[in-house]
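Asks: Protein sequences appear in the order of chains V and L. Residue numbering for the first sequence follows my numbering, starting at 1248 and increasing by one per position. Residue numbering for the second sequence follows my numbering, starting at 12 and increasing by one per position. Virtual Cβ for every residue (Gly too), placed ideally from N, Cα, C. My questions all concern the structure below.
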Amino acid sequence: MRQPVVDIRDLTFSYNGQAALSGVRLAVSQGERLAVLGPNGGGKTTLLKLILGILTPSAGSIRVFGEEPGKHSARIGYVPQRLDGVAERKDLPIRVREVALMGLLAPGRRGFRYTSEELDKAAAALARVEMAGLAERRFCELSGGQKQRTLIARALVSDPGLLILDEPTANIDPQGKFCLYEVLSRIGEGVTSLVVSHDLSILAAGVTAVACVNGRVVYSPEPRLSQDMLDLLYGVHSHACPMDAYLRRIPPDLARLSPLERP
Amino acid sequence: MIEALSLPFMQNAVLAALLAAVCCGVIGTLVVANRMVFLAGGAAHAAYGGVGLAYFLALPVLPVTVVFTVAAALAMAAVTLRRVEDTDTVIGVLWAAGMAFGIILLDLTPGYKPDLMSYLFGSIITVPDSDLFALAGLDVVLLAAALRHYNGFVSMAFDREFAAVRGVPVMFLHCLLTALAAVSVVLLIRVAGLILVIALLSVAPSLAVRRAASLGRAMVWAGLLNIVFCLSGLGLAYAFNLTSGAAIIAVAAATFFISLAPGLARRRQGA
């Protein structure tokens, strides 16, 4: 049996003595597209930061490509939830091409020039997200959707084996969302992707889903999220906006949901 | 003004202005891009503590002030890295405490005491050759550091968390930038004074980053703007017998506010 790309066992993480995650078990196979859904404060972003090595577990273990988090940064593409206000800053003179090239940074890199091969990779990554024509534009002058696509290009530029996206649909309009889903659905088959979101329409990108609620990861017993699961995730609000209403808005060719095969 | 350039003290003043402009263009742009202007201001004021300590212990002023200021700046950098929500408060306290510490130590020092007001505005027209060499050396170090770590500094300014995930040594670069800013502040205070240092570190870089296409070009523009500010200010100071540091700041501030006018006019039209 092949080793999972991400293998989490009995993971616990506490902030100031309060458990944000407890007893989490999760295995993500190569090529799998997994969405971790759940309400705000459920521990989704904390889980991603632990996988990325930004945070350290209080107990349990995490293996990414068979090693401790942080050892394989070159094989991971990451799209963060927000940019600490950078996205709103009008005074940062950084071009779209430079942002894409940041995905090629590595430990020990020095100097200020990129090789022609690296520049070609950045151009190709921007082309994949239809941003090639805006490569010389300042990032701060872009729309929300264009910014998000640039950040996805930054994550894809190193041809990652694992793509991690934290709330990729936050702050973008519906058109930008479906453009994002198209990009995600076109990512190569060998790439494992892990998406954290509280936006159920992310399922349009053809992902399977688990839920992260109150610091625990919960698996759906059905091929797609059921109404019961929605109730667990979002409480009374899900009755007002049921799952079918989301899926009806999704183009049929993008709404392929794989069955969940979970322990 | 041209005949003034034949005077040795004016030649030194112009050279000091050019060297300070390059230094502030490079380090100021990185400081502004990384939103560390308040931290640089804190380091500049904490430098008073170093001056007071040097006089109290009867030690050479420059090395003691450099060590003291870098230590204070690194303490502030540690705070900004770890406790984001209290950063402004803690830097503000360290800023005030550094100044108070310096003044108390000077009060306790017997004999000759320097005029602390001279540290506020400096005296660019009395710069000795030794300070010019020190500034030239600082410019070389800053340019080398900026070239060597350019991509790291850019990625850190844009998205610190992503840079760390990619293996960029964010903590090292943050501390390096803080230490370089602190050393620059100490050397420039002797030449230009505390207030002029803060103006040169913040006004021209903030104008440059708003227009430039990249951080590297912003450094060049900020350096050129600082040269224009310094030479215009020196010219005004010579022509109207004004304090040189204050005249330079007046030119920089006037340019800054004039640059805001088109944006304000557009906003008013839009409203």
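Using 7 Å as the threshold, is the C-beta distance between residue 34/L and residue 195/L below it?
Replies: Yes, these two residues count as a Cβ contact at 7 Å.
Asks: Check distances from the C-beta atoms of the segment 171-201 of chain L to those of chain V and list, in chain order, the residues that come in under 8 Å.
Replies: The residues in question are 171, 172, 173, 174, 175, 176, 177, 178, 179, 180.
Asks: What residues from chain V crowd round residue 223/L, counting only those whose CB sits closer than 8 Å?
Replies: Ordered by position in chain V, the residues that pass the 8 Å Cβ test against residue 223/L are 1340.
Asks: Pick from 1273/V, 1293/V, 1430/V: whose alpha carbon is nearest that of residue 1413/V?
Replies: Nearest option by C-alpha distance: 1293/V.
Asks: If we call anything under 7 Å between Cβ atoms a contact, is residue 1289/V one with residue 1267/V?
Replies: Against a cut-off of 7 Å, the Cβ pair of residue 1267/V and residue 1289/V comes out as no contact.
Asks: Quick one: residues in its chain with C-beta nearer than 7 Å to the C-beta of residue 26/L, no 5 flanking neighbours on either side, listed in chain order?
Replies: So the qualifying residues of the chain are 143.
Asks: Note the first and the last residue of the continuous alpha helix (DSSP H) segment covering residue 33/L.
Replies: 19-44 is the span of the alpha helix (DSSP H), which, as asked, contains residue 33/L.
Asks: Contact between the segment 78-94 of chain L and the segment 56-64 of chain L: three or more CB pairs below 8 Å?
Replies: In short, these stretches touch, since the Cβ pair count reaches three.
Asks: Return helix, strand or coil for residue 246/L, following the three-state DSSP convention.
Replies: Helix.
Asks: Taking the straight line between their C-alpha atoms, what separation do you get for residue 1397/V and residue 174/L?
Replies: Distance between the alpha carbons of residue 1397/V and residue 174/L: 16 Å.
Asks: CB residue 41/L to CB residue 235/L, shorter than 7 Å?
Replies: Against a cut-off of 7 Å, the Cβ pair of residue 235/L and residue 41/L comes out as no contact.
Asks: Could you tell me which chain L residues have their CB closer than 8 Å to the CB of residue 1346/V, listed as they occur along the chain?
Replies: Neighbours of residue 1346/V on chain L, chain order: 169.
Asks: At what residues does the alpha helix (DSSP H) containing residue 1338/V begin and finish?
Replies: It is not in any alpha helix (DSSP H) - residue 1338/V carries neither H nor E in the DSSP assignment.
Asks: Might you give, ordered along the chain, the residues of its own chain that have their beta carbon closer than 7 Å to the beta carbon of residue 1484/V, omitting 5 neighbours on each side?
Replies: Residue confidence for residue 1484/V is low, a pLDDT of 44 falling below 50, so the modelled location carries little weight and cannot support an answer.
Asks: Check each residue of the segment 134-159 of chain L: if its Cβ is closer than 7 Å to any Cβ of chain V, include it; give the result in chain order.
Replies: So the list reads 158, 159, given in the order they occur along the chain.
Asks: What's the C-alpha gap between residue 1345/V and residue 1368/V?
Replies: Distance between the alpha carbons of residue 1345/V and residue 1368/V: 12 Å.
Asks: Can you pull the chain V neighbours of residue 220/L, defined as C-beta to C-beta under 9 Å?
Replies: Near residue 220/L (Cβ distances below 9 Å), the residues of chain V are 1338, 1339, 1340.
Asks: Looking only at C-alpha atoms, which of 1350/V, 1341/V, 1315/V sits nearest to residue 1389/V?
Replies: Cα-wise, what sits closest to residue 1389/V is 1341/V.
Asks: Mind checking which residues open and close the beta strand (DSSP E) that includes residue 1443/V?
Replies: Counting along the chain, the beta strand (DSSP E) containing residue 1443/V begins and ends at 1439-1444.
Asks: Checking the sheet assignment: what are the DSSP bridge partners for residue 1260/V?
Replies: Answer by DSSP bridge pairing, in chain order: 1268/V.
Asks: Could you check the C-alpha separation between residue 70/L and residue 1296/V for me, to the nearest Å?
Replies: Going from the Cα of residue 70/L to the Cα of residue 1296/V covers about 49 Å.
Asks: Pick helix, strand or coil for residue 172/L, following the three-state DSSP scheme.
Replies: It is helical.
Asks: State the DSSP-derived secondary structure class of residue 1390/V, mapped to helix, strand or coil.
Replies: In the structure shown, residue 1390/V sits in coil (DSSP, three-state: anything other than H, G, I, E or B).
Asks: Buried or exposed for residue 1433/V, please, with buried defined as at least 16 other CB atoms from any protein chain shown within 10 angstroms of its CB.
Replies: Counting Cβ neighbours within 10 Å, residue 1433/V comes out exposed, since fewer than 16 surround it.
Asks: Determine which residues of the segment 1373-1396 of chain V have a Cβ less than 8 Å from any Cβ of chain L, and write them out in chain order.
Replies: Those would be 1383, 1385, 1386, in chain order.
Asks: When burial is assigned at 16 or more other CB atoms within 10 Å of the CB, is residue 23/L buried or exposed?
Replies: Its Cβ being crowded by 16 or more others within 10 Å, residue 23/L is buried.
Asks: Do you know how far the Cα of residue 133/L is from the Cα of residue 1299/V?
Replies: The straight-line gap from Cα to Cα measures roughly 49 Å.
Asks: What residues in the segment 37-53 of chain L have a beta carbon less than 8 Å from any beta carbon of chain V?
Replies: Under the 8 Å Cβ criterion, the segment 37-53 of chain L contributes 43, 44.
Asks: Taking only beta-carbon atoms, is residue 1325/V less than 7 Å away from chain L?
Replies: Closer than 7 Å to some Cβ of chain L, the Cβ of residue 1325/V qualifies, so yes.
Asks: Please identify the residue among 1278/V, 1350/V, 1392/V whose C-alpha is closest to the C-alpha of residue 1437/V.
Replies: Of the candidates 1278/V, 1350/V, 1392/V, the one whose C-alpha sits nearest the C-alpha of residue 1437/V is 1278/V.
Asks: Interface residues of chain L around residue 1301/V at Cβ under 9 Å?
Replies: Under the 9 Å cutoff, chain L gives 172, 175, 176.
Asks: Between which two residues does the alpha helix (DSSP H) harbouring residue 1324/V extend?
Replies: First-last for residue 1324/V: 1323-1326, but that is the beta strand (DSSP E), not the alpha helix (DSSP H).
Asks: Closer than 7 Å by beta-carbon distance: list the chain V residues that pair up with residue 90/L, in chain order.
Replies: Per Cβ cutoff of 7 Å: no residues; residue 90/L is ~17 Å from chain V at best.
Asks: Under the three-state reduction of DSSP, which class applies to residue 1375/V: helix, strand or coil?
Replies: The answer is helix: DSSP assigns residue 1375/V an H, G or I state.
Asks: Does any residue of chain V have a CB that is nearer than 7 Å to the CB of residue 271/L?
Replies: Cβ-Cβ to chain V under 7 Å: no for residue 271/L.
Asks: Contact between the segment 142-162 of chain L and the segment 205-221 of chain L: three or more CB pairs below 8 Å?
Replies: They do not touch, by the three-pair rule.
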